[in-house]
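Peer 1: Position in the sequence shown counted from 1, then plus 116, gives you my numbering.
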Amino acid sequence: MEVLTLLVIGLAFLLSIKLLALLFKTGIFILALPLQIFAALILTIIFLLLVPIGVLTGILTVVLSPLLFLGPLLPILSVALGIYLLLRR
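1) Along the chain, where does the alpha helix (DSSP H) containing P191 start, and where does it finish?
2) From I125 to L135, what distance separates their C-alpha atoms?
3) With DSSP collapsed to three states, give me the class of G143.
4) Whole-angstrom Cβ separation of A105 and I133, contact assumed at under 8 Å?
5) Could you tell me the alpha carbon to alpha carbon distance between L203 and I169, rounded to whole angstroms?
6) Just how far apart, CA to CA, sit V178 and L186?
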């Protein structure tokens, strides 16, 4: 349903751009130029945000991946902590 809605919105947008092109007697590419500039600006901002986030994620993966080996030990560590807390009193 969402895909159909997006297609209808895109089709309406395309038809409105073509109508503007006929109305102003200009080419479709001249009307779309500000949209292309805006899209390039948004993509540049997204790219400049996603690259550092990706690098940070890679570094954290390398640093925290040894902790995955402690996962099977969690029940044993929980029991040991419980026994320690019981015997501490």
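No residue lacks a Cβ here, since even glycine has one placed at the ideal position from N, Cα and C.
Peer 2: By the coordinates alone:
1) Counted from its first residue, the sequence shown places residue 191 at position 75. P191 -> alpha helix (DSSP H) spans 190-204.
2) For the purposes of this step, residue 125 is identified with residue 9 of the sequence shown, where counting begins at 1. For the purposes of this step, residue 135 is identified with residue 19 of the sequence shown, where counting begins at 1. I125 and L135: Cα-Cα distance of roughly 15 Å.
3) Here the question's residue 143 lines up with position 27 in the sequence shown. In the three-state reduction of the DSSP assignment, G143 falls in the coil class.
4) Past the boundaries of the shown model lies residue 105; the chain is included only from 117 to 205, so the question cannot be answered.
5) For the purposes of this step, residue 203 is taken as the residue at position 87 of the sequence shown. For the purposes of this step, residue 169 is taken as the residue at position 53 of the sequence shown. The alpha-carbon atoms of L203 and I169 are separated by roughly 45 Å.
6) Numbered from 1 along the sequence shown, position 62 holds the residue referred to as residue 178. Numbered from 1 along the sequence shown, position 70 holds the residue referred to as residue 186. Roughly 15 Å between the two C-alpha positions.
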